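Chains as they are written, first to last, in my numbering: chain F, 1 to 426; chain S, 1 to 426.
A short write-up of the structure that comes next.
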């Protein structure tokens, strides 16, 4: 270790909204910080579906962590992966070494999960990382290509069936955008496949889409999705997925292109913290977000299970940012000899986009849907995008997509995987 | 097949400069065209090194072939791979089916080759496709990350040694840009690794870099490279490459980051055309670019071996475009009952970029180097970039990079591969 051992070492695991906001809020604190992430970038996850649907490039919604933090001299960024936490020794085992800590922030987030049906993963890829987004993009674009190549009408129809599982924000965004691509972006470019006849199914186990919204906005979302051409199935839990489609009990949808936006499971690191995690693997924390019995360890973001007014704090970006800022405040208090104080989530509202010029917004008593909500969503997301350059590029790309219906990032990369799949499935 | 069999079917293999320009030049001809490519995009290969060095995103320099050709109603684009050509039956076997033809254009280009040393490929990736570029980008960025993570000074130094093999345009561009990244883009962002001390070696077997240029411009290129911080080795053929470096006879450069920009071999499809190919696998063609004995088959672009005035026509984009337009003209002549005419390459000049504000230009008697040549190069490349949108985005990105020294696409994707390599090499 360095010769700076007298300065407390804050080890932050995860450069998502929770970890990055905590790190930034400690900029002027008398600590040295190591931020460890297994990717080299902070990802603006709310726009990940745009990369998956070829509207944006990967670098449009991601920025290198060390670039974001280049002026914050008390931070060292390390590309590495945390494998094990030794709470007694206050040491973290990484894939490429180990680090001691005085304070540990565990903010490794969540990944998609298949409710114990891991064999579904192969047929229904999920969307949590840039690699996931590029894989989904390649798979969706390859399906249209396979339809164009196919001589048999029935098999061609099958390639134009898309199923999105999960009616939360990601599922709604994916389904709406896929329908837009099939109806508006691609038809003129295909000669043999009737791309306009593509069907997009959105399958939700619960009674309504966007369950976090008030029921009337869920209903408006369903209507807007249907207007875009999405077939919405609610109250239909998926019972099996294979290479040729999805079953919901006795109902069957044939498809080679099934996307998973349903289950979420917390990072497996949570299970090493010596407390019983909840069903989704989240770690119950003390009111100040510290680990019970370990005031020097904090759990934040999607990995933390926080109850407030009898309801769980939702796994959304604003909550993670607030937790990050809170934990930084607690550490600063402690360094001055104070005690921690309780975290309180401020819910500023909820918004989700559905597709071209369609969105829903719920802010306190304000409820919007349709075009106005979409503008609201657009401005909010551009505003929160990290990095000045990205905002301009994303705005140019969106302006272009808006006027031309084109999606500039329709580039299949990772050829090996795509070809292999086409061959297998054809 | 369709019911349009009375209309001659032109089958084009490859959507690079040769195949795409031939296809476009047949827009008004009484033919139906099928353009087959194993990727879904046309790639602006002259800027591929910018994707490899994180200056541009993959979609910035690529456009879907079917989008480029959406208004040309006599073309069907097919994502597929040609496996075998049956010249007698006039039929091509594809990975996903087969197609008959009346005219066949083989324009499948070239790939990088290791002079029979295929075991070098693993340690020295080449640059021909977008996947190659993303793999090189991840490898280079991961090397800087490994240096930052490394505690041992000697091993850290090793991670900051970069070797580019091959002093042609691609090698010069890669080496110059790597030096720029190490000197200007990254230093402020690293805390432990002294990125400015990174060494970039350019290794060329022949006596000078950019051998296609006049000797005085080669010398200017060498001087500009050295000014950027590149160590230029000429007259030193590589004798071995392994995970820890490169040997040129008794000289040894230790490095985990070796990039290959030396050998090129024509597409293996050339060997199926029944004629003896040259050492690089190129197909000797008749003066009108048809295959000797098969006037209905044409070979064009990097796959064709064309001699003119005792010199080979170079494997560059303008030559491939001219061949494409020429072959289209021959086919139109033939359809009107005429005979083919001989191809003649018009050499408009030669230009290569070296790094930030450094380039060399050779147009007839005009020879430029330095800043003026760089502006010349920039305007020429922007002008030829396919697609209006791409030009604007690329210009914005370059403007941004120019003023800030930043490279926005510094995002490592394909994590599995990167991590595996770091682990192995560490």
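We put the CB at the ideal spot given by N, CA and C, even for glycine.
No experiment lies behind these values; they were computed from the predicted model shown.
Run of the alpha helix (DSSP H) containing residue i, from where it starts to where it stops
i: residue 318 of chain F; result: 317-335
i: residue 41 of chain S; result: Run containing residue 41 of chain S: none in the alpha helix (DSSP H); it sits in the beta strand (DSSP E), 41-43.
i: residue 25 of chain S; result: 17-25
Proximity of residue i and residue j at Cβ, strictly below 8 Å
i: residue 209 of chain F; j: residue 246 of chain F; result: no
i: residue 163 of chain S; j: residue 182 of chain S; result: no
i: residue 429 of chain S; j: residue 291 of chain S; result: Only positions 1 to 426 of chain S appear in the structure, and residue 429 of chain S is not among them; the question remains open.
i: residue 58 of chain F; j: residue 134 of chain F; result: yes
i: residue 77 of chain S; j: residue 35 of chain S; result: yes
i: residue 347 of chain F; j: residue 305 of chain F; result: no
i: residue 332 of chain S; j: residue 27 of chain S; result: no
i: residue 368 of chain S; j: residue 361 of chain S; result: yes
i: residue 386 of chain S; j: residue 138 of chain S; result: no
i: residue 12 of chain S; j: residue 19 of chain S; result: yes
i: residue 228 of chain S; j: residue 193 of chain S; result: no
i: residue 256 of chain F; j: residue 243 of chain F; result: yes
i: residue 374 of chain F; j: residue 352 of chain F; result: no
i: residue 21 of chain S; j: residue 270 of chain S; result: no
i: residue 171 of chain F; j: residue 354 of chain F; result: no
i: residue 68 of chain F; j: residue 124 of chain F; result: no
The beta strand (DSSP E) enclosing residue i, as first and last residue numbers
i: residue 263 of chain F; result: 263-266
i: residue 93 of chain F; result: 91-94
i: residue 64 of chain S; result: 62-64
i: residue 171 of chain S; result: Run containing residue 171 of chain S: none in the beta strand (DSSP E); it sits in the alpha helix (DSSP H), 169-180.
i: residue 427 of chain S; result: Outside the displayed range of chain S (1 to 426) lies residue 427 of chain S, so it cannot be described from this structure.
i: residue 31 of chain F; result: From DSSP, residue 31 of chain F is part of no beta strand (DSSP E); its letter is neither H nor E.
i: residue 355 of chain F; result: 350-355
i: residue 12 of chain S; result: 9-13
i: residue 84 of chain S; result: 82-86
i: residue 202 of chain S; result: 199-203
Residue(s) in a DSSP beta bridge with residue i
i: residue 428 of chain F; result: Residue coverage of chain F in this structure runs from 1 to 426, which leaves residue 428 of chain F outside it and unanswerable.
i: residue 150 of chain F; result: In DSSP, residue 150 of chain F forms no bridge with anything.
i: residue 221 of chain F; result: Beta-bridge pairing links residue 221 of chain F to no other residue.
i: residue 231 of chain F; result: F:201
i: residue 359 of chain S; result: S:353
i: residue 126 of chain F; result: F:260
Three-way DSSP call (helix, strand, coil) for residue i in this model
i: residue 161 of chain S; result: strand
i: residue 101 of chain S; result: coil
i: residue 142 of chain F; result: helix
i: residue 68 of chain S; result: helix
i: residue 108 of chain F; result: coil
i: residue 395 of chain F; result: helix
i: residue 341 of chain F; result: coil
i: residue 308 of chain S; result: strand
i: residue 346 of chain F; result: coil
i: residue 3 of chain F; result: In this predicted model, residue 3 of chain F has a pLDDT of only 46, less than 50, meaning its place in the structure is not dependable; the value taken from the coordinates is given anyway. Residue 3 of chain F falls in the coil class under three-state DSSP.
i: residue 463 of chain S; result: Here chain S covers residues 1 to 426 and nothing more, so residue 463 of chain S does not appear.
i: residue 413 of chain S; result: coil
i: residue 119 of chain S; result: helix
i: residue 76 of chain S; result: strand
i: residue 407 of chain S; result: coil
i: residue 135 of chain F; result: helix
i: residue 113 of chain S; result: strand
i: residue 188 of chain F; result: helix
i: residue 314 of chain F; result: coil
i: residue 420 of chain S; result: Low local confidence applies: a pLDDT of 34 at residue 420 of chain S is under 50, so the model's placement there is unreliable, with the coordinate-based value given in what follows. Here residue 420 of chain S sits in helix by DSSP.
i: residue 38 of chain F; result: coil
Which complete beta strand (DSSP E) runs does the region 362-386 of chain F hold, if anything under 3 residues is left out? You should have 366-369.
Inset, instruction - Pick out the complete beta strand (DSSP E) segments inside the region 233-304 of chain S, 3 residues or longer, and give them in chain order. - result: You should have 240-242, 245-248, 251-254, 257-260, 263-266, 294-299.
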